[in-house]
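Comments concern the structure below.
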Amino acid sequence: MNLYLTMFFIGTITTITEWKKICCSNIKKVLYAFTFPIFMITYIPISVIAPFTKSEWKPINHNKSLTLNDLKSYRKDVELN
45 MNLYLTMFFI
55 GTITTITEWK
65 KICCSNIKKV
75 LYAFTFPIFM
85 ITYIPISVIA
95 PFTKSEWKPI
105 NHNKSLTLND
115 LKSYRKDVEL
125 N
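Each residue of the sequence shown is one higher than the one before, counting from 45 in this note's numbering.
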């Protein structure tokens, strides 16, 4: 419980200080502050298992070039549908 509260506090402080820079609705910002600790807790098993697994690099072909405005307009289109 202390870990959740600590992560919630850190997430809330970050959300408040970066409020205008986060591009989503106000209700989502509040919801994400509550789910942030759960997301961070999932890092624990990943950090325990990662040193013992073999990773493999695979190239990713990027064939599109988008600007930030393209992404914002796409987001607005998705929210309308």
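Note that CB positions come from ideal geometry on N, CA and C, so glycine has one too.
Where residue 49 and residue 93 are concerned, what is the direct C-alpha to C-alpha distance, given to the nearest angstrom?
Answer to the nearest angstrom: the Cα atoms are 25 Å apart.
Which parts of the stretch 45-79 are runs of the alpha helix (DSSP H), unbroken and 4 residues or longer, counting only runs that do not cross its ends?
Those alpha helix (DSSP H) runs which fall completely within the stretch 45-79 and span 4+ residues are 46-61.
At a cut of 8 Å, does the stretch 78-97 reach the stretch 50-64 through at least three beta carbon pairs?
Output reads yes: the stretch 50-64 touches the stretch 78-97.
Determine the extent of the alpha helix (DSSP H) in which residue 104 is found, giving its start and end residues.
Residue 104 -> no alpha helix (DSSP H), and no H or E assigned at all.
Does the distance from the C-beta atom of residue 72 to that of residue 59 stay below 8 Å?
No, the Cβ-Cβ distance between residue 72 and residue 59 is not below 8 Å.
How many angstroms separate the CA atom of residue 45 from the CA atom of residue 85?
Their Cα atoms are separated by approximately 11 Å.
Cutting at 8 Å between CB atoms, please list the residues of its own chain near residue 116, excluding the five before and the five after it.
Result list for residue 116: 67, in chain order.
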